[in-house]
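Note that my numbering has the sequence shown beginning at 71, numbered continuously upward.
For reference, the structure discussed in these notes is given below.
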Amino acid sequence: MLNRMLCPTELVYLAGPYQTEVQQQFNRRVASLARSYNFPMLLPQEAKEEIRQSGCLPDWQPTEKMLETPFSEARLPEFLKACCMDSITRANLVVAIAYQNQFHPETAFEVGYAIGRRVNVLTVNHPTETLAGVGESLFSLLSSPEICQQVVTAPDDNSAFPDRLIPLMNRFFEPHRL
Numbered sequence: 071m072l073n074r075m076l077c078p079t080e081l082v083y084l085a086g087p088y089q090t091e092v093q094q095q096f097n098r099r100v101a102s103l104a105r106s107y108n109f110p111m112l113l114p115q116e117a118k119e120e121i122r123q124s125g126c127l128p129d130w131q132p133t134e135k136m137l138e139t140p141f142s143e144a145r146l147p148e149f150l151k152a153c154c155m156d157s158i159t160r161a162n163l164v165v166a167i168a169y170q171n172q173f174h175p176e177t178a179f180e181v182g183y184a185i186g187r188r189v190n191v192l193t194v195n196h197p198t199e200t201l202a203g204v205g206e207s208l209f210s211l212l213s214s215p216e217i218c219q220q221v222v223t224a225p226d227d228n229s230a231f232p233d234r235l236i237p238l239m240n241r242f243f244e245p246h247r248l
């Protein structure tokens, strides 16, 4: 059924840029760690490829209105945006990736959207990579204790990462109550 509505579910949404190989690898690193502890995680960079191939995801279908015009590569951004907004809406937790205390503008939008939907937000800060042209003030505003639940700095190796990230994810990953 292509027009089924998504209901709130247990999901972690990873909000972070994926324009460079370093960003993609870091996103996969965070996702792999979370998945190894059985957190169901949606990565937009993975969703983009799956939508490109099939026009949908196993747990996300385009609306009937979207399907009035056949899917094409030109419509990929529209489908990906709808998928991401639906996923944030039904997520229990958003893990937002920052680089040297800076959010990418699209990540900042996703964080703001999640906060507006009253979804918990946990920020993982990559301490060495930078984002060109993004001001620290945006990160400071969105990562304040009043906005994001916690900010974790990613260690260089994976041995210490679970001890920093997983307890916080467990703390803020609260299943939706119907």
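Built from N, CA and C at the ideal position, the CB exists for glycine as well.
Fair warning: this is a prediction, and the values are worked out from it, not measured in the lab.
Taking the Cα of V92 as reference, the smallest distance to any Cα among D156, T200, I185 and P232 is reached at T200.
The continuous alpha helix (DSSP H) containing V181 extends over residues P175 to G186.
Per DSSP, T223 is one residue of the beta strand (DSSP E) stretching across Q220 to T223. Rounded to the nearest angstrom, the gap between the Cα atoms of H174 and P87 is 6 Å. Rounded to the nearest angstrom, the gap between the Cα atoms of V165 and R241 is 13 Å. Counting every other CB atom within 10 Å of its CB across the protein chains shown gives R188 a total below 16, marking it as exposed. Cβ atoms of P114 and V82 stay farther apart than 8 Å, at about 13 Å.
Membership of L192 in the beta strand (DSSP E) is indicated by the continuous run N190 to H196. Between V221 and N195, the C-beta spacing is below 8 Å.
In the displayed model, L235 falls within a helix according to three-state DSSP.
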